[in-house]
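Read in order, the letters of the sequence shown are residues 5 to 111 in the working numbering. Heads up, the beta-carbon is just placed ideally off N, CA and C, and yes, glycines get one too. Here is the structure we will look at, set down as structure tokens.
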Amino acid sequence: MTQNTLSELAAVLESRKSAAADSSYVAKLYSKGTDAILKKVGEEATEVVMAAKDGVPEKIVYEVADLWFHTMVLLAEQGLHPDAVLEELQRRVGTSGLVEKASRKKD
Ligand SMILES: N=c1c2ncn([C@@H]3O[C@H](COP(=O)(O)OP(=O)(O)OP(=O)(O)O)[C@@H](O)[C@H]3O)c2ncn1[C@@H]1O[C@H](COP(=O)(O)O)[C@@H](O)[C@H]1O
Numbered sequence: 005m006t007q008n009t010l011s012e013l014a015a016v017l018e019s020r021k022s023a024a025a026d027s028s029y030v031a032k033l034y035s036k037g038t039d040a041i042l043k044k045v046g047e048e049a050t051e052v053v054m055a056a057k058d059g060v061p062e063k064i065v066y067e068v069a070d071l072w073f074h075t076m077v078l079l080a081e082q083g084l085h086p087d088a089v090l091e092e093l094q095r096r097v098g099t100s101g102l103v104e105k106a107s108r109k110k111d
């Protein structure tokens, strides 16, 4: 998944906000509200854990794609673009996790 893929998907997710609930999976999920989206994120995270425990690479990729997709739906529903997450990750590139941890304590 490249940054373009994320942006393309974000645009589709945005467009689903004005779609009828019965016309698409994402529109239906939006119509169920934030808790339903959070539930899917939790379920998909669990499926990633199970796939990793099974140790089948294709399964891990498939389940991580499901997890990323549902976190993208959550970002869209919260009015956020995936670029904000990419920027945050970029900010951390080259810094040690220990430095990051120390800076969080000040927040
Ligand atoms: N990338 C995805 C994507 N990944 C996973 N899914 C759906 O997410 C669900 C995964 O949940 P589960 O594995 O729990 O399967 P399920 O039992 O069918 O899920 P539930 O009905 O219980 O929620 C499945 O229904 C998948 O079809 C996705 N649905 C849509 N997209 C993208 O979102 C775009 C918009 O989708 P629509 O809103 O359907 O047009 C599409 O063009 C795709 O690019």
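Asked                                                                                        : Found
Supposed close pair residue 84, residue 49 - CB separation, criterion 8 Å                    : With 8 Å as the limit, residue 84 and residue 49 do not qualify as a contact, their Cβ atoms being about 18 Å apart.
Check: residue 26 C-beta below 7 Å from any heavy atom of ligand 1                           : no
Residue 52 vs residue 62 beta-carbon contact at 8 Å                                          : no
Nearest to residue 74 (by Cα), restricted to the options 32, 92, 93                          : 32
Complete runs of the alpha helix (DSSP H) confined to the region 55–79 [at least 4 residues] : none
Any non-hydrogen atom of ligand 1 within 7 Å of residue 57 CB                                : no
Alpha-carbon spacing of residue 69 relative to residue 34, whole angstroms                   : 19 Å
Status (buried if at least 16 other CB within 10 Å, exposed otherwise) for residue 119       : Missing from the structure shown is residue 119; the chain here goes from 5 to 111 and no further.
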